[in-house]
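J.: One structure, pasted below without further comment.
Number of protein chains: 2
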Amino acid sequence: MKKILFRLIGMENYKQVVLIRNDLNMGKGKIAAQAGHAFVEAYKKTKMKNPDAVDIWEKTGGEKVVLKVSSESELIKYYDRLKRKFPTVLITDAGHTQIKSGTKTCIGVGPVKESEIDPITSELKLL
Amino acid sequence: MKKILFRLIGMENYKQVVLIRNDLNMGKGKIAAQAGHAFVEAYKKTKMKNPDAVDIWEKTGGEKVVLKVSSESELIKYYDRLKRKFPTVLITDAGHTQIKSGTKTCIGVGPVKESEIDPITSELKLL
Numbered sequence: 009m010k011k012i013l014f015r016l017i018g019m020e021n022y023k024q025v026v027l028i029r030n031d032l033n034m035g036k037g038k039i040a041a042q043a044g045h046a047f048v049e050a051y052k053k054t055k056m057k058n059p060d061a062v063d064i065w066e067k068t069g070g071e072k073v074v075l076k077v078s079s080e081s082e083l084i085k086y087y088d089r090l091k092r093k094f095p096t097v098l099i100t101d102a103g104h105t106q107i108k109s110g111t112k113t114c115i116g117v118g119p120v121k122e123s124e125i126d127p128i129t130s131e132l133k134l135l
Numbered sequence: 009m010k011k012i013l014f015r016l017i018g019m020e021n022y023k024q025v026v027l028i029r030n031d032l033n034m035g036k037g038k039i040a041a042q043a044g045h046a047f048v049e050a051y052k053k054t055k056m057k058n059p060d061a062v063d064i065w066e067k068t069g070g071e072k073v074v075l076k077v078s079s080e081s082e083l084i085k086y087y088d089r090l091k092r093k094f095p096t097v098l099i100t101d102a103g104h105t106q107i108k109s110g111t112k113t114c115i116g117v118g119p120v121k122e123s124e125i126d127p128i129t130s131e132l133k134l135l
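First to last, the sequence lines map onto chains A and B. The working numbering puts the first sequence at residues 9 to 135. The working numbering puts the second sequence at residues 9 to 135.
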């Protein structure tokens, strides 16, 4: 509904996107905490680099999407692509629980324009 | 290790805590996005109300914990307790996917001192 309305009035939809590894067998709570790191750090980075994007995104509901990748190499491939265009953060786990210290778990991006990020992440599925 | 070191030098450990409902049958991606809302909104609220707490927490690793509650009434009970003492946010889902619009899904708190929040949430288990 929001998206249809936005298109009608020529506004862009903004969202935060997290890409998280699905191959680490992390539990639900671990996934939520790692994604939380990515959302908060991407928010802080975007707030510094593009505060206008954050303003629009906050006023329109603060949409968040979590996509899955299947390996560290796939995560890094997307990190390299995304960081060239957007405020992007790579999260490395401190390794207190469940997984090895220094493991790269996820990426956080934006908020960014949906029309700019979707072409890059279109092959990825929702977690 | 960090916590032992902190205790030795008399420093307090800070963490962000999210309490999320375990009775809604949300998928992993939905849980991560809802917890993401709670972490980001609690961060923004705490940054305004207690920037010193945010500073210490950021410099010491930005710890995040996700606990589970089993019903809306349990969520609200904890929300009422926590908001009296800490910067606390209640997340209501917009209902685009999986669950009904207006559903209260989770609470975000802090960063706050571990020694102050743990006595209140000690009966809750990690998600």
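Glycine included, C-beta positions come from ideal geometry on N, C-alpha and C.
In chain B, which residues lie less than 8 Å from Phe94 (chain A) when you measure between Cβ atoms?
T.: Against chain B, a Cβ distance below 8 Å from Phe94 (chain A) picks out nothing, because the smallest value is about 17 Å.
J.: What in chain A is Cβ-close to Leu135 (chain B), meaning under 7 Å?
T.: For Leu135 (chain B), the chain A residues whose Cβ falls inside 7 Å of its Cβ are Lys36, Gly37 and Ala40, in order along the chain.
J.: Keeping to the same chain, check which residues put their C-beta closer than 7 Å to that of Ile39 (chain B); ignore five residues upstream and five downstream.
T.: Ile28
J.: Keeping to the same chain, check which residues put their C-beta closer than 7 Å to that of Cys114 (chain B); ignore five residues upstream and five downstream.
T.: Val26, Leu27, Ile28, Arg29, Gln42, Ala43, Ala46 and Ile99
J.: Report yes or no: is there a C-beta of chain A within less than 8 Å of the C-beta of Gly110 (chain B)?
T.: So no, Gly110 (chain B) is outside the interface.
J.: With 16 other CB atoms within 10 Å as the buried threshold, where does Asp101 (chain B) fall?
T.: Label assigned to Asp101 (chain B): buried.
J.: Counting C-beta neighbours from all protein chains within 10 Å, is the total for Asn21 (chain B) 16 or more, i.e. buried, or is it exposed?
T.: buried
J.: Under 8 Å, do Lys112 (chain A) and Leu83 (chain A) count as touching if we go by C-beta distance?
T.: Yes, these two residues count as a Cβ contact at 8 Å.
J.: Give a yes or no on whether 8 Å exceeds the smallest Cβ distance from Lys91 (chain A) to chain B.
T.: no
J.: Rounded to the nearest angstrom, what separates Ile107 (chain B) and Ile128 (chain A) at their Cα positions?
T.: 28 Å
J.: Leaving out five residues before and five after Arg89 (chain B) in sequence, what residues of the same chain have Cβ atoms less than 7 Å from its Cβ?
T.: Ile128
J.: When the distance is taken between beta carbons, is Gly116 (chain B) closer than 8 Å to Ala61 (chain B)?
T.: no
J.: Can you say whether Lys67 (chain B) is buried or exposed, counting buried as having 16 or more other CB atoms within 10 angstroms of its CB?
T.: With fewer than 16 Cβ atoms within 10 Å of its Cβ, Lys67 (chain B) is classed as exposed.
J.: With a cut-off of 8 Å, does the C-beta of Gly70 (chain B) fall near any C-beta of chain A?
T.: yes
J.: Of all Cβ atoms in chain A, is any one closer than 8 Å to the Cβ of Tyr87 (chain B)?
T.: no
J.: Between the Cα of Glu49 (chain A) and those of A:Lys91, A:Val97 and A:Lys72, spot the shortest distance and give me the residue it belongs to.
T.: A:Val97
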